[in-house]
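Residue numbers (the working numbering): 114 to 540. Glycine is no exception: its CB is placed at the ideal position from the N, C-alpha and C atoms. For clarity, every value in this text was computed on a predicted model and none was experimentally measured.
In structure tokens form, the structure reads like this:
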């Protein structure tokens, strides 16, 4: 099945339903016609326009780098400004004519010219400034352009520039990477634009950027002996997972992005748990600061209380994801108990990792989300490999660990059907 082509996926599903007698011929033909007539993604012509604009943007920046001496400063600035306003004019003209996607690409060209103009003016007038500041200015202008025109290409460029800005050092003498506490506000603005533009691709980039920023900030603070950010990250991931499970199949306020969000949340959660465990084993930070520190205890209690509220409401309303909402709370209780009181005990964390991976596989299977199931298998493999390289005390202990996991899984094969048989469920 061609998973990269939405029309192909829907057409094959309609053919499958018709072959199994779930749809009659007339209904299948009507559905297939609707799928074929529905506007899909970008056409190849639009792709060519996008690639052409990208090439023009690189041409402008290369022109800046070349620093032509045969042209006056005013001429160089005039060319950049003419190109930028030319792209803006093309965007307005195409938008009025109804070619909205091509108009968005022209907005991207205008943003590229804006960045080239920043570099050119700083070069001509020898403005002493940090490349980091110039990148921030370029990103802000591009984000504003994306907000005014709902241009997805411009929004993607602004997200890329924000990531570069975050990773750049202020200067060559900077000793440590700054934390950028204002970064989430830029992502919130980008998220509002992505929501208005109905762009799933931009949503993926925003969530990925948020995970990268949070992980970098948490690990930077952990090096200083502060685990609060790791605890907040773990608490947020548990709370967001409960929220995503609740919104799935009900309100769908995220326009169908609930399940992809679950994949990011669980992957981020795994990074937080593993990082906390490794730091505790290497630096023994939990001994120095204690598990009852408010910075680590409050996020745990807040996330568990919120998750419990979601689970209780789900049980009362018979929500389709009640099982996973309840398990999310139980997993959170076990996770925080281990990480707050015994984070350096390898066997406890390894059992947590294996059990969590099996739960993720089960969750993906229950809700029919293949990427979630795939992530669960990947996490299961990582947990077993980590156990093999670390070993549980000795190689014999590792062998016993593998044996115990295998026996428990085989026991579940026979026990689960008996538990679900009376409820009419399937194993």
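Item to check | Spatial distance of residue 456 from residue 436 (CA atoms) | outcome: Their backbone Cα atoms lie some 27 Å apart in a straight line.
Item to check | Buried or exposed (CB count within 10 angstroms, at least 16 for buried), residue 430 | outcome: Exposed: under 16 other Cβ atoms inside 10 Å.
Checklist entry - What are the uninterrupted segments assigned as beta strand (DSSP E) that are 3 or more residues long and contained completely in the stretch 285-346, given in chain order? => result Qualifying beta strand (DSSP E) stretches: none in this window.
Checklist entry - Can you name the start and end residues of the alpha helix (DSSP H) that residue 189 belongs to? => result 186-209
Checklist entry - Does the stretch 356-365 touch the stretch 302-312, meaning 3 or more C-beta pairs lie closer than 8 Å? => result no
Next on the checklist: Please return the same chain residues whose Cβ sits closer than 7 Å to the Cβ of residue 537, not counting the five positions on each side in sequence.
Outcome noted: At residue 537 the pLDDT is 43, less than 50, meaning the model places this residue with poor confidence; the figure from the coordinates comes in the next sentence. Nothing listed; no residue qualifies.
Item to check | Nearest neighbour of residue 194, chosen from 231, 209, 340 [CA to CA] | outcome: Of 231, 209, 340, the residue nearest in Cα terms is 231.
Checklist entry - From residue 146 to residue 132, what does the alpha carbon distance come to, in whole angstroms? => result 17 Å
Item to check | Residue environment, residue 243, which counts as buried when at least 16 other CB atoms sit within 10 Å | outcome: exposed
Checklist entry - In chain order, what residues of the same chain have a beta carbon less than 7 Å from the beta carbon of residue 332, not counting five sequence neighbours either side? => result 388
Item to check | Alpha-carbon to alpha-carbon, residue 233 and residue 467 | outcome: 54 Å
Checklist entry - residue 222 to residue 326, Cα distance in whole Å? => result The alpha-carbon atoms of residue 222 and residue 326 are separated by roughly 28 Å.
Next on the checklist: Less than 7 Å between C-beta atoms, sequence neighbours within five positions excluded: which residues of the same chain meet that for residue 451?
Outcome noted: The residues are 461, 462, 465.
Item to check | Helix, strand or coil at residue 444 according to DSSP, with G and I counted as helix | outcome: helix
Next on the checklist: Just to confirm, is the Cβ distance from residue 278 to residue 258 under 7 Å?
Outcome noted: no
Checklist entry - Just reading off the alpha helix (DSSP H) that residue 477 is part of, what are its end residues? => result 459-480
Item to check | Same chain, Cβ closer than 7 Å to residue 370, neighbours up to 5 away in sequence not counted | outcome: 313, 316
Next on the checklist: Quick check on residue 137: does DSSP put it in helix, strand or coil?
Outcome noted: In the three-state reduction of the DSSP assignment, residue 137 falls in the coil class, being assigned neither a helical nor a strand state.
Checklist entry - In terms of residues, what are the limits of the alpha helix (DSSP H) holding residue 248? => result Residue 248 -> alpha helix (DSSP H) spans 244-262.
Next on the checklist: I need the boundaries of the alpha helix (DSSP H) containing residue 268, first residue and last residue.
Outcome noted: 265-280
Item to check | Rounded separation between residue 491 and residue 281 - CA only | outcome: 32 Å
Item to check | Euclidean distance between Cα positions of residue 339 and residue 453 | outcome: 13 Å
Checklist entry - By Cβ distance below 8 Å, which residues in the same chain neighbour residue 401 in space, the five residues on each side in sequence not counted? => result With a pLDDT of 48 at residue 401, under the threshold of 50, the modelled position of this residue cannot be trusted, and the question is left open.
Checklist entry - Is the Cβ-Cβ distance between residue 207 and residue 215 less than 7 Å? => result Here residue 207 is near residue 215, since their CB atoms are less than 7 Å apart.
Next on the checklist: Measuring straight from C-alpha to C-alpha, what distance separates residue 204 and residue 187?
Outcome noted: 25 Å
Item to check | Proximity below 7 Å, CB of residue 357 to CB of residue 374 | outcome: yes
Checklist entry - Count the other CB atoms within 10 Å of the CB of residue 483; is the residue buried (16 or more) or exposed (fewer)? => result exposed
Checklist entry - Using the rule of at least 16 other Cβ atoms within 10 Å of the residue's Cβ for burial, across every protein chain shown, is residue 335 buried or exposed? => result buried
Checklist entry - What did DSSP end up calling residue 455 once you bin it into helix, strand or coil? => result coil
Checklist entry - If we ignore side chains and look at the alpha-carbon of each, how far apart do residue 140 and residue 126 end up? => result 13 Å
Checklist entry - Using DSSP with H/G/I as helix, E/B as strand and the rest coil, what is residue 372? => result In the structure shown, residue 372 falls within a helical segment according to DSSP collapsed to helix, strand and coil.
Item to check | Distance, residue 302 Cα to residue 459 Cα | outcome: 41 Å
Item to check | Pairwise C-alpha distance: residue 418 and residue 425 | outcome: Those two C-alpha atoms are separated by around 10 Å.
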